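Each residue of the sequence shown is one higher than the one before, starting from 3 at the first, in our numbering.
Where a beta carbon is used, it is the ideal one built from N, C-alpha and C, also for glycine.
Please read these numbers as outputs of a predicted model, since none were measured by experiment.
To start, the structure under review is shown below, and the notes come after it.
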Amino acid sequence: MMDNLLQELSHARVYDLEQPRYFGAPIFPGHAPGFVYTLHRHHEPDTGTARTSASGTFYAAEHSGTHIDALCHQAENLTLYGGLAVTPQLQTATGFTELGVETIPPLVCRGILLDVAGYLGVDYVEADRPIGRADLEATARRQDVTISAGDVVLLRTGNGARWQDPPTYLASGG
């Protein structure tokens, strides 16, 4: 069994899906500023030493950049995934006691990239153009891929290329 796994992994590739984080990067307005950076500078003259240094510190809102939403991220009528009611015991000052992103195990599986923009013959799938099941099935057929249980399916909409243009990126579809 281990030999089969190692054989399959010998051709595996790892893809970094993160977009660059920078001041002014796209972020939902309710989560702004999203990214804060401070520079602790030590490059000053007359320090008494030839070598100087600088170091930076940044923090980012969990809902900035490329990320996976935790199951506690959205509620409807104060009810979360699995029917859990939002209560002070569940939603605490230090985080959620259940359904947090830390409960998501690492995703080690087969990934399939469906190029929906390519299938539709466009550079970008515009926000007013929903992507439906028929689009996904047709894209998979064109790419000659079969989606199986346990696969992670990623959609290329082309909108990642708009990352450096926050208003356009934020107006585009997910």
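_For residue 38, the residue or residues it bridges with in DSSP_ = Along the sequence shown, read from residue 1 onward, the residue named residue 38 stands at position 36. Checking the DSSP bridge columns, you'll see residue 38 partnered with 61.
*Quick one, are the C-beta atoms of residue 156 and residue 92 less than 8 Å apart?*
Against the sequence shown, residue 156 aligns to sequence position 154. Against the sequence shown, residue 92 aligns to sequence position 90. Cβ atoms of residue 156 and residue 92: not closer than 8 Å.
_DSSP three-state label for residue 104, please._
As a position in the sequence shown, residue 104 is number 102, starting the count at 1. Helix, per DSSP.
*Using beta-carbon positions only, say whether residue 37 and residue 60 come within less than 8 Å of one another.*
Translated into positions along the sequence shown, residue 37 becomes position 35. Translated into positions along the sequence shown, residue 60 becomes position 58. Going by C-beta atoms, residue 37 is nearer than 8 Å to residue 60.
*Around the C-beta of residue 57, are 16 or more other C-beta atoms found within 10 angstroms, so that it is buried, or is it exposed?*
Translated into positions along the sequence shown, residue 57 becomes position 55. Label assigned to residue 57: exposed.
*Same chain only: Cβ atoms within 8 Å of residue 45, ignoring 5 sequence neighbours per side*: Walking along the sequence shown from the start, residue 45 turns up at place 43. Once the five neighbours on either side are set aside, the close Cβ partners of residue 45 are 54, 55 and 56.
*Roughly how many whole angstroms lie between the Cα atoms of residue 90 and residue 83?*
Counting from one through the sequence shown, the residue named residue 90 turns up at place 88. Counting from one through the sequence shown, the residue named residue 83 turns up at place 81. If you take the alpha carbons of residue 90 and residue 83, they lie about 16 Å apart.
*So is residue 28 buried or exposed if we call it buried at 16+ other beta carbons inside 10 Å?*
The sequence position of residue 28 within the sequence shown is 26, counting from 1. Buried, since its Cβ has 16 or more Cβ neighbours within 10 Å.
_Per DSSP, the bridge partner or partners of residue 127_ = Here residue 127 refers to the residue found at position 125 when the sequence shown is read from its first residue. None; residue 127 has no bridge partner.
*asked:* Considering just the uninterrupted stretch of the alpha helix (DSSP H) at residue 117, what are its terminal residues?
replied: To locate residue 117, count along the sequence shown from 1; it is residue 115. It is not in any alpha helix (DSSP H) - residue 117 instead sits in the beta strand (DSSP E) that spans 113 to 117.
_Considering only their Cβ atoms, is the gap separating residue 113 from residue 154 smaller than 8 Å?_
By 1-based counting over the sequence shown, the position of residue 154 is 152. By 1-based counting over the sequence shown, the position of residue 113 is 111. Closer than 8 Å, so yes.
_Using the three-state DSSP reduction, which class does residue 7 fall into: helix, strand or coil?_
Taking the sequence shown and counting its residues from 1, the one referred to as residue 7 is at position 5. Three-state DSSP puts residue 7 in a helix.
_residue 74, buried or exposed, once every other Cβ within 10 Å from all chains shown has been counted against 16_ = Position 72 of the sequence shown, counted from the first residue, corresponds to residue 74. Burial call: buried.
*Are there three or more Cβ pairs, one per stretch, closer than 8 Å when the segment 101 to 108 is compared with the segment 64 to 80?*
yes
*Can you grab the Cα-Cα spacing for the pair residue 95 / residue 144, in whole Å?*
Locating residue 95 in the sequence shown gives position 93, counting from the first residue. Locating residue 144 in the sequence shown gives position 142, counting from the first residue. Taking the straight line from one Cα to the other gives about 49 Å.
_With 16 other Cβ atoms within 10 Å as the buried cut-off, status of residue 66_ = Here the question's residue 66 lines up with position 64 in the sequence shown. Buried, since its Cβ has 16 or more Cβ neighbours within 10 Å.
*Around the C-beta of residue 161, are 16 or more other C-beta atoms found within 10 angstroms, so that it is buried, or is it exposed?*
Your numbering for residue 161 matches position 159 in the sequence shown. So residue 161 counts as buried.
*Would you call the CB atoms of residue 164 and residue 117 closer than 8 Å?*
Within the sequence shown, the letter at position 162 stands for residue 164. Within the sequence shown, the letter at position 115 stands for residue 117. Not a contact, by the Cβ cut-off of 8 Å.
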